[in-house]
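Undergrad:
Residue numbers (the working numbering): 437 to 809.
1. Beta-carbon within less than 8 Å of residue 559's beta-carbon, same chain only, minus the 5 sequence neighbours each way: which residues are those?
2. Which residues does DSSP pair with residue 763 in a beta bridge?
3. DSSP on residue 705, reduced to helix/strand/coil?
4. On the DSSP bridge list, what partners appear for residue 591?
5. Count the other C-beta atoms from every protein chain shown that fall within 10 angstroms of the C-beta of residue 735, then say buried if there are 16 or more, exposed otherwise.
6. Looking only at its chain, what residues have a beta carbon closer than 7 Å to the beta carbon of residue 733, apart from the 5 residues adjacent to it on each side?
7. Give the C-beta separation of residue 578 and residue 638 to the nearest angstrom, bearing in mind that I take them to be a contact with Cβ-Cβ under 8 Å.
8. Between the Cα of residue 588 and those of 573, 555, 635, spot the shortest distance and give me the residue it belongs to.
9. Between the C-alpha atoms of residue 731 and residue 701, what's the straight-line distance to the nearest angstrom?
10. What number of angstroms, rounded off, separates the C-alpha of residue 778 from the C-alpha of residue 772?
11. In the DSSP assignment, find the unbroken alpha helix (DSSP H) run with residue 560 in it and report its ends.
12. Can you list, in chain order, the residues of its chain with a C-beta nearer than 8 Å to that of residue 752? Leave out the 5 residues immediately preceding and following it.
13. Measure the alpha-carbon distance for residue 711 versus residue 530 and round it to whole angstroms.
14. Quick one: does the C-beta of residue 700 sit closer than 7 Å to a heavy atom of the ligand GTP?
15. State the DSSP-derived secondary structure class of residue 577, mapped to helix, strand or coil.
16. With DSSP as the reference, label residue 732 as helix, strand or coil.
17. Can you tell which of 703, 781, 754 has the C-alpha that lies nearest to the C-alpha of residue 729?
18. For residue 638, does the three-state DSSP call read helix, strand or coil?
19. Sort 780, 774, 741, 754 by Cα distance to residue 829 and report the nearest one.
20. Secondary structure at residue 713, three-state DSSP: helix, strand or coil?
21. Tell me the rounded alpha-carbon separation between residue 524 and residue 472.
22. May I have the straight-line CA-CA distance separating residue 426 from residue 718, to the nearest angstrom?
23. Quick check on the burial criterion: 16 or more other C-beta atoms within 10 angstroms. Buried or exposed for residue 573?
24. Express the C-alpha separation of residue 467 and residue 474 in angstroms, rounding to a whole number.
25. On the three-state DSSP scale, how would you describe residue 462?
26. Going straight from the alpha carbon of residue 591 to that of residue 567, what length do you get?
27. Is residue 438 helix, strand or coil when you go by DSSP?
28. Which whole-angstrom value is the C-beta distance of residue 738 and residue 699, which I expect to be below 8 Å?
29. Closest to residue 707 by CA distance: which of 585, 576, 743 is it?
30. To the nearest angstrom, how far is it from the Cα of residue 445 to the Cα of residue 477?
31. Going by DSSP, name the residue or residues bridged to residue 633.
32. Once the 5 residues before and after residue 749 are set aside, which same chain residues still bring their CB inside 7 Å of it?
33. If I'm right that residue 441 touches residue 709 with Cβ under 8 Å, what's the distance once you round it to whole angstroms?
34. Measure the Cβ-Cβ separation of residue 532 and residue 460 and say whether it is below 8 Å.
35. Using the Cα positions of residue 776 and residue 763, report the straight-line distance between them to the nearest angstrom.
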């Protein structure tokens with residue numbers, strides 16, 4: 437099986453979740469400070485115009501009364517009680533959503549320039565074409581970008597995705613999507629039919645729809661909205677990240693289902709590309725399946741695999757070095773195919789290709805172009 441982290445999308449210039457989080461933190465700090473300045477100005481005006489301390493203290497006591505406003509800070513309560521500040525606060529939330537949407541819907545940008553078709557083709561040739569070597573293997577990923585969808589479109593590969601169109605529906609509408617439920621990857625060496633790829637997004641995206649009464653429902657695919665046509669309208673549609681431990685029961689329930697699928701599939705050998713093991717919940721699945729014998733080998737392709745290994749086994753007494761295969765290369769370089777073949781396919785799976793992996797991938801791309809023509 438294959439597990440992809442942010443490093444698998446890095447060659448396309450797509451920001452990592454860490455970069456996104458940092459940018460949102462900066463955005464919130466700046467906007468929140470503006471809001472605090474407005475609140476400070478508000479209080480100064482009250483003090484200068486009518487210094488009625490009794491009224492001020494009464495108002496403050498209401499804000500900080502835990503029985504009236506549980507689990508809420510003074511600032512949050514103040515915003516909630518004042519319509520003007522509530523509008524400013526909602527504006528901050530909208531900016532945060534816009535930041536996420538910008539990251540997720542405008543990939544393949546380096547600096548101020550979008551990648552050209554030639555640049556994109558070159559990157560795909562050194563990156564995702566490697567997946568053509570993996571027959572019938574599902575791909576699990578924590579990425580939120582549509583790079584795999586676009587690769588499938590370019591190579592005319594069917595994609596079965598547990599989270600529907602992610603953040604790029606205009607891309608998915610032109611993809612040759614198969615039947616609902618998906619399949620494992622079909623043999624790309626068959627003379628007839630197009631190959632298929634199954635991807636499961638652990639930290640992917642779903643869609644949020646808003647009802648007439650401003651209630652929200654989260655769904656995997658936009659077509660699921662038809663099941664609630666009498667209750668919901670597509671008044672607003674925003675990306676919603678699926679992470680463990682979220683307050684939303686519906687989102688957490690979906691995460692739990694995906695996580696159980698991940699744990700049950702994580703057996704035999706798993707090639708991990710561009711993932712630094714920062715999620716303790718995902719790490720626990722790797723550790724447990726190594727301990728119970730379901731997982732034999734973990735291949736770690738990373739520019740700094742030693743750091744990834746330390747992150748994975750940080751709370752363990754020892755590291756099972758004999759079960760870890762380290763590939764210290766960046767995904768998307770010319771050494772990628774050779775490293776995977778020499779350290780993964782040949783020794784573990786006994787698979788070799790006439791002319792080597794690069795020759796095989798050249799044939800694969802040639803056949804894909806012939807199919808499209």
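Here a beta-carbon is modelled for each residue, glycine too, at the ideal position from N, C-alpha and C.
TA: In short:
1. Excluding sequence neighbours, residue 559 sits near 447, 448, 551, 768.
2. DSSP output for residue 763 lists 737 as bridge partner(s).
3. strand
4. Looking at the DSSP assignment, residue 591 forms no beta bridge with any residue, so it has no partner.
5. buried
6. If we look at residue 733 and ignore the five residues flanking it on each side, its Cβ neighbours are 705, 759, 761, 784.
7. 5 Å
8. 635
9. Spanning the two alpha carbons is a distance of roughly 10 Å.
10. 10 Å
11. Here the alpha helix (DSSP H) through residue 560 covers 553-562.
12. 723
13. 30 Å
14. Among the components modelled here there is no ligand, and therefore nothing to report on the ligand GTP.
15. Strand, per DSSP.
16. strand
17. For the set 703, 781, 754, the Cα lying nearest the Cα of residue 729 is the one of 703.
18. coil
19. Nothing about residue 829 can be read from this structure; the chain reaches only from 437 to 809.
20. coil
21. 11 Å
22. A query on residue 426 cannot be resolved here, the shown segment of the chain reaching from 437 to 809 and no further.
23. Buried.
24. 11 Å
25. helix
26. 11 Å
27. strand
28. Contact between residue 738 and residue 699 does not hold, since their C-beta atoms are separated by about 22 Å, which reaches or exceeds 8 Å.
29. 576
30. So the two alpha carbons sit approximately 45 Å from each other.
31. 595
32. 755
33. 7 Å
34. yes
35. Going from the Cα of residue 776 to the Cα of residue 763 covers about 8 Å.
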